[in-house]
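Add 2 to the 1-based position in the sequence shown for this note's numbering, that's all there is to it. To keep things clear, I will list the structure first and then write my remarks on it.
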Amino acid sequence: TTETSVPQVDRSKLTIGEEVAVEMVDVHKWYGDFHVLKDINLTVHKGERIVICGPSGSGKSTLIRCINRLEEHQQGKIVVDGIELTNDLKKIDEIRREVGMVFQHFNLFPHLTILENCTLAPIWVRKMPKREAEEVAMEYLRRVKIPEQANKYPGQLSGGQQQRVAIARSLCMNPRIMLFDEPTSALDPEMIKEVLDVMVDLAQSGMTMLVVTHEMGFARQVANRVIFMDAGQIIEQNEPESFFNNPQHERTKLFLSQIL
Ligand code: ADP
Ligand code: MG
3 TTETSVPQVD RSKLTIGEEV AVEMVDVHKW YGDFHVLKDI NLTVHKGERI VICGPSGSGK
63 STLIRCINRL EEHQQGKIVV DGIELTNDLK KIDEIRREVG MVFQHFNLFP HLTILENCTL
123 APIWVRKMPK REAEEVAMEY LRRVKIPEQA NKYPGQLSGG QQQRVAIARS LCMNPRIMLF
183 DEPTSALDPE MIKEVLDVMV DLAQSGMTML VVTHEMGFAR QVANRVIFMD AGQIIEQNEP
243 ESFFNNPQHE RTKLFLSQIL
């Protein structure tokens, strides 16, 4: 595979705080009889950029979806921004307001304009006045470099543009943590870069990011930690240089030899 180049990042801008953003302790999850997450332990500090990679079916999506309760874990503890995820619906709502998520297939509302996609949650969930929500949305659409698309519908935009809208839409909720699930996997190569550029910008703004991706250029430049998952477990994690140059486990070596 070819690697999309990512602009040189000033890593001194990427600072990690003391505060814990996400904590997973001895987390297990099953789909029916299938044990999909096995004893996951993960502490993410504010400002960290974590890349999660691993073979298809290893549980990467499930892991990050547990963080905003799109999936429910059955054992162990998950604490997000100081709030423990339990069946308390109020807490789940609270966490979902703090955690933005970007999916592989954008998941924009096709019958709403770009601007309406971006203002829907701020107006209905945050109770923001419409005028203000539109101002905030335009600010983020400028930041992802597509303010001129505001009154179009998702179907009129390219995949790369739609994904940038999806990122802007998340940011309109002012999240403290952003989850990305293979945000560039559905995109043509020429569009991958424009999405990665936006993600680099976001990292430099100090956002805490968990990113499932096989874009190893992004991992090298932006991640402070790369996690390798296989068969529901975190097999290995390290800062990017050691992860790529000196992987410890056979399964990691095999995986890297297949994708690099
Ligand atoms: P990855 O994102 O690493 O490809 P997933 O977290 O999507 O892995 O899936 C992990 C495993 O769980 C896969 O074997 C997948 O088939 C299975 N799985 C995912 N979602 C469900 C579901 N809703 N019900 C049953 N099995 C599922
Ligand atoms: Mg997945």
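Ideal Cβ placement from N, Cα and C applies to all residues, glycine included.
Cβ pair residue i, residue j closer than 8 Å
| i | j | result |
| --- | --- | --- |
| residue 92 | residue 86 | no |
| residue 102 | residue 187 | no |
| residue 231 | residue 54 | yes |
| residue 220 | residue 204 | no |
| residue 202 | residue 11 | yes |
| residue 52 | residue 225 | yes |
| residue 38 | residue 56 | no |
| residue 166 | residue 196 | yes |
| residue 31 | residue 96 | no |
| residue 241 | residue 250 | no |
| residue 104 | residue 169 | yes |
| residue 1 | residue 191 | The structure shown does not extend to residue 1, since the chain spans only 3 to 262, so no value can be given for it. |
| residue 16 | residue 236 | no |
| residue 76 | residue 110 | no |
| residue 27 | residue 46 | no |
| residue 138 | residue 200 | no |
| residue 178 | residue 35 | no |
| residue 152 | residue 143 | yes |
| residue 106 | residue 21 | no |
Those residues which DSSP pairs with residue i across a bridge
| i | result |
| --- | --- |
| residue 210 | 179 |
| residue 140 | For residue 140, which the question treats as bridged, DSSP gives no partner whatsoever. |
| residue 240 | 228 |
| residue 55 | 230 |
| residue 47 | 22 |
| residue 158 | Per DSSP, none; premise fails for residue 158. |
| residue 1 | Absent from the model: residue 1. The displayed extent of the chain is 3 to 262, so no value can be given. |
| residue 92 | Answer is none; residue 92 lacks a bridge partner. |
| residue 39 | 31 |
| residue 235 | 232 |
| residue 85 | 82 |
For residue j and residue i, believed in contact at Cβ under 8 Å, the rounded distance
| i | j | result |
| --- | --- | --- |
| residue 175 | residue 124 | 6 Å |
| residue 71 | residue 42 | That belief does not hold up - the Cβ atoms of residue 71 and residue 42 are roughly 15 Å apart, past 8 Å. |
| residue 48 | residue 210 | 5 Å |
| residue 99 | residue 127 | 7 Å |
| residue 64 | residue 217 | Rounded, the Cβ-Cβ distance is 20 Å, inconsistent with contact. |
| residue 246 | residue 256 | That pair is no contact at about 14 Å. |
| residue 121 | residue 132 | 7 Å |
| residue 193 | residue 162 | 3 Å |
| residue 50 | residue 227 | 7 Å |
Boundaries of the alpha helix (DSSP H) in which residue i is found, first to last residue
| i | result |
| --- | --- |
| residue 125 | 116-126 |
| residue 167 | 161-173 |
| residue 60 | Here residue 60 belongs to no alpha helix (DSSP H), and DSSP marks it neither H nor E. |
| residue 148 | Note, residue 148: premise wrong, no alpha helix (DSSP H); not H, not E. |
| residue 252 | 252-261 |
Range covered by the beta strand (DSSP E) that runs through residue i
| i | result |
| --- | --- |
| residue 80 | 77-82 |
| residue 103 | 101-104 |
query: In chain order, what residues have a CB nearer than 5 Å to some heavy atom of ligand 1?
result: 33, 38, 58, 59, 60, 61, 62, 63, 64
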